[in-house]
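Heads up, our numbering is the position in the sequence shown plus 30, with the first residue counted as 1.
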Amino acid sequence: MSQVKGTINAVELLGWLGADPEMRFIASGAAVCRFRVATRRIAGQDEDGRRAYETDWTTVEAWDKLAELCNTYLHKGSRVRVGGALRTDSWLDKASNQPRTRTYVRAEDVIFLDARPGVPGEAVAIAETDSVPAGEDVPF
């Protein structure tokens, strides 16, 4: 979570990848992995009075080692929990000379919630490793 005196910028998403992640390396050699996470929200009622839902697609960007892990283990349909901060980039488009913006989540941590085949319970283990405070005894 990114904090500056008197402000909070924290995003937490729990959803599914809509496509395979895209990985690239920038000029400095840093890895950047971009993917989109689908989440659902209640959007009123349909014609029959039942609860209606809408899907929101949020772009997520992971950097460095986290980017490499995301690119290796995530794929279309993967269920993930993403923690990070909202970012907005602004630039002047060279072709049209028009200002552009892009808002996305800069991932600080990503929990892979799908277990690998043949490793039952792995997702739970990954999710719980961060919940044990430093210096505490692990109950096994």
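Heads up, the beta-carbon is just placed ideally off N, CA and C, and yes, glycines get one too.
Predicted model only: the values in this text are computed from it and were never measured.
Spatial neighbours of G113 in its own chain (CB-CB distance under 6 Å, excluding positions within 5 residues in sequence) are listed in chain order as E42, E138 and D139. If you look at N101, you'll find it in the alpha helix (DSSP H) that goes D94 to Y103. Rounded to whole angstroms, T37 and R132 show a C-alpha spacing of 21 Å. When secondary structure is reduced to three states using DSSP, S108 falls in the coil class, being assigned neither helix nor strand. Note on S108: 16 or more other CB atoms within 10 angstroms of its CB, so buried under the neighbour-count rule. Counting every other CB atom within 10 Å of its CB across the protein chains shown gives L47 a total of 16 or more, marking it as buried. Out of I72, D50 and A82, the CA that lies nearest to the CA of A97 is found in D50. In terms of Cα proximity to H105, the closest of Q128, L143, R81 and I56 is L143.
Look at the stretch 114 to 148 and you find these whole runs of beta strand (DSSP E), each 3 residues long or longer: 129 to 142. Beta-bridge pairing by DSSP links I72 to Y83.
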